[in-house]
Structure formats: structure tokens, C-alpha cells
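Visitor:
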Amino acid sequence: MSSPHLWLYASSRLRDPTVTDEVFSQWYQEHHVPDVLKTGSVRKGEFFRAIGPQKQFRWLAAYDCDDLDFMEPENFARIPKTHSMLGTTKSCLEFAEFDTRIFQQLFVLKNGEGNETGNTGSDRYLLTCTFHCDENDYETLERRCIDGDILHAFPGSRWLKISRPFEDDDTYLGFMIVQALGDVEPKDLICLEDNWRSYLAETLGLERQFLQPHLWELLRRCENGS
Numbered sequence: 001m002s003s004p005h006l007w008l009y010a011s012s013r014l015r016d017p018t019v020t021d022e023v024f025s026q027w028y029q030e031h032h033v034p035d036v037l038k039t040g041s042v043r044k045g046e047f048f049r050a051i052g053p054q055k056q057f058r059w060l061a062a063y064d065c066d067d068l069d070f071m072e073p074e075n076f077a078r079i080p081k082t083h084s085m086l087g088t089t090k091s092c093l094e095f096a097e098f099d100t101r102i103f104q105q106l107f108v109l110k111n112g113e114g115n116e117t118g119n120t121g122s123d124r125y126l127l128t129c130t131f132h133c134d135e136n137d138y139e140t141l142e143r144r145c146i147d148g149d150i151l152h153a154f155p156g157s158r159w160l161k162i163s164r165p166f167e168d169d170d171t172y173l174g175f176m177i178v179q180a181l182g183d184v185e186p187k188d189l190i191c192l193e194d195n196w197r198s199y200l201a202e203t204l205g206l207e208r209q210f211l212q213p214h215l216w217e218l219l220r221r222c223e224n225g226s
């Protein structure tokens with residue numbers, strides 16, 4: 001059996017006013033994501049900013065992982081958590097809150113040659129949403145996505161993937177659906193989340209669930225060996 005394709009999503013928000021959003025974002029892009037990639041377990045790291053400033057978590061880091069060795073305590077401790085540019089001696093775990101979730105990829109739908117590995121074009125925006133599914137039938141879920149043409153729900157869709165929590169008993173996480181978009185007209189951004197919520201609910205039969213889709217803009221992509 002092949003190893004599972006793992007994704008780690010880390011949402012974050014500041015809780016110390018002495019560190020500004022601008023400095024935190026710069027540190028994350030220029031130092032933290034590259035430092036995580038140096039562990040050797042992560043192929044790619046991406047850093048996003050929430051389009052809606054009112055979002056509970058303003059930032060999202062997404063890591064494409066070969067394994068989770070870098071999360072082992074002794075390896076995680078080697079990742080620098082302080083930097084002079086932050087203007088504080090506190091660890092990032094002290095001045096920011098992180099919501100870390102690990103998912104195992106189930107399937108990917110691709111539009112043309114572009115895909116989540118970044119072979120062609122640019123994934124400028126990312127739509128994410130977690131949900132629960134009563135059926136433990138992944139093939140049924142995939143068929144609903146295909147029959148409902150979720151990939152082409154919005155112009156510019158490049159790929160879509162669905163993952164489940166890495167730990168089978170972690171029902172808190174639910175499934176994760178991610179859809180990547182290229183350029184989107186600014187006038188369409190404001191209604192994109194609500195439109196996607198309605199489309200997911202109807203297509204996947206999730207009308208009774210409280211869906212919270214999030215739209216993110218890509219700020220930085222780093223890959224090992226690049």
C-alpha cells in the first residue's frame with residue numbers, strides 16, 4: 001500500500017498587538033515557511049491571506065507533506081520560532097494562535113494541464129471548506145463532485161481536492177474540500193464565498209450543515225529544490 005498523501009493546514013491569528021500583521025506576514029513568508037521546508041519532510045509550503053478582514057483567522061499556511069516526521073517533538077523544536085524582525089523575544093507560539101489540522105488526500109479533480117503541483121499557471125486564490133459526511137463511501141463523494149461539476153462551478157477553477165482527517169477518529173475536523181482559482185475579477189470576490197457555500201450544500205447534500213467556506217489569496221509559494 002502506498003503512503004498517504006498528507007496536507008497540513010495551519011490557520012493563524014495574532015494575539016499580541018506589539019506584532020503587526022505586516023511584520024508577521026513578512027516573517028512567515030520569508031523565514032517560517034522556508035524553515036519548515038528545511039526539515040525535509042515537506043515538499044511544498046504556501047502562505048495565504050484571508051480575503052475578508054473580519055475572518056477569525058487571518059492567515060493560512062498549507063504544507064504538502066511526505067510524512068509527519070517534522071511534527072515529532074525533537075524535530076519540531078528545531079524549527080526557529082523567534083526572529084529579530086518580529087521586534088520581540090517571544091516565541092511565535094506565544095504571540096500568535098495556530099489552528100493546525102492534518103488531512104489525508106482522497107482524490108483530485110484537475111482542469112486541463114494545471115494542477116496543484118503548479119505545473120502551469122498560477123493558483124492565485126484558494127477556497128477551503130470543512131464539512132462532515134454521513135456516508136463513509138469516498139467513491140460516492142467523488143461521484144457527487146464530478147456529477148455536480150464542482151470543479152467548473154466558477155470561472156478560473158484549476159483543480160479541486162477532497163481530503164479526510166488523517167486520524168480516523170478525529171470527527172472534529174470533518175472533510176476538507178479545496179478549490180484553486182486563477183485570476184478572479186475583483187467585483188466577484190465579495191460574493192464568491194457565499195456562492196460556493198450554496199453550491200456545495202446543494203451539490204453534496206449538505207444543506208443542514210453549517211458550512212464556513214473561506215477565500216484566501218496566495219502570498220508566497222516555496223518548494224524544496226527550487
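Per my numbering: the sequence shown = residues 1 to 226. Ideal Cβ placement from N, Cα and C applies to all residues, glycine included.
Check each candidate in Ala61, His31, Glu97, Phe103 and name the one with the smallest Cα separation from threonine 82.
Guide: Nearest C-alpha to threonine 82: His31.
Visitor: CB-CB under 8 Å to leucine 141, same chain, minus the five flanking residues each way: which ones, in chain order?
Guide: So the list reads Leu106, Cys133, Glu135, Ile162, Phe175, Leu204, once near-sequence residues are dropped.
Visitor: Mapping DSSP to helix, strand and coil, what is phenylalanine 107?
Guide: Phenylalanine 107 falls in the strand class under three-state DSSP.
Visitor: Got a sec, what are the start and stop residues for the beta strand (DSSP E) phenylalanine 201 sits in?
Guide: Per the sequence shown, residue 201 should be read as alanine rather than phenylalanine. Segment 186-204 is the alpha helix (DSSP H) holding alanine 201; no beta strand (DSSP E) there.
Visitor: Could you have a look at threonine 128 and say whether DSSP puts it in helix, strand or coil?
Guide: Correct three-state label for threonine 128: strand.
Visitor: Is the beta carbon of valine 42 closer than 8 Å to that of leucine 126?
Guide: Taking 8 Å as the Cβ cut-off, leucine 126 and valine 42 do not qualify as a contacting pair.
Visitor: Taking all protein chains shown into account, do 16 or more other C-beta atoms lie within 10 angstroms of the C-beta of proline 213, making it buried, or fewer, making it exposed?
Guide: Burial call: buried.
Visitor: Decide yes or no for the touch test of the segment 5-19 against the segment 92-101: beta carbon pairs closer than 8 Å, at least 3 of them.
Guide: Touching, yes, given that three or more Cβ pairs across the two stretches are closer than 8 Å.
Visitor: Check this for me: beta carbons of cysteine 222 and leucine 37, under 8 Å apart or not?
Guide: It is a contact, given that the beta carbons lie within the stated cut-off.
Visitor: Can you name, in chain order, every residue of its own chain whose Cβ lies under 8 Å from the Cβ of leucine 200, other than the five neighbours on each side?
Guide: Cβ within range, chain order: Cys129, Phe131, Ile150, Ile177, Leu206, Leu211, Pro213.
Visitor: Just to confirm my understanding: we take tryptophan 59, look at its own chain, exclude 5 residues before and 5 after, and list those with CB closer than 8 Å. What are they?
Guide: Ser11, Ser12, Arg13, Phe24, Ser25, Tyr28, Phe47, Phe48, Arg49, Ala50, listed in sequence order.
Visitor: What are the boundary residues of the beta strand (DSSP E) that aspartate 21 is part of?
Guide: Premise fails: aspartate 21 lies in the alpha helix (DSSP H), 21-27, not in any beta strand (DSSP E).
Visitor: Given a threshold of 16 other Cβ atoms within 10 Å of its Cβ, counted over all protein chains shown, does isoleucine 102 qualify as buried or as exposed?
Guide: Buried, by the Cβ-count rule.
Visitor: Leaving out the 5 sequence neighbours to the left and right, which residues in its chain are closer than 7 Å to serine 91 when beta-carbon positions are compared?
Guide: For serine 91, where only same-chain residues beyond five positions count, the Cβ hits under 7 Å are Lys81, Thr82.
Visitor: Compare the beta carbon distance of lysine 44 and aspartate 67 with 8 Å and say whether it is the shorter of the two.
Guide: Not a contact, by the Cβ cut-off of 8 Å.
Visitor: Let me make sure I understand the geometry here. Which of Gly87, Trp7, Pro73 has the alpha-carbon closest to that of threonine 20?
Guide: Among Gly87, Trp7, Pro73, the Cα nearest to that of threonine 20 is on Gly87.
Visitor: Three-state secondary structure (DSSP) at glutamate 72?
Guide: Glutamate 72 falls in the coil class under three-state DSSP.
Visitor: Which residues mark the beginning and the end of the alpha helix (DSSP H) in which phenylalanine 95 is found?
Guide: Start and end: 92-95.
Visitor: By DSSP, does arginine 143 sit in helix, in strand, or in coil?
Guide: It is helical.
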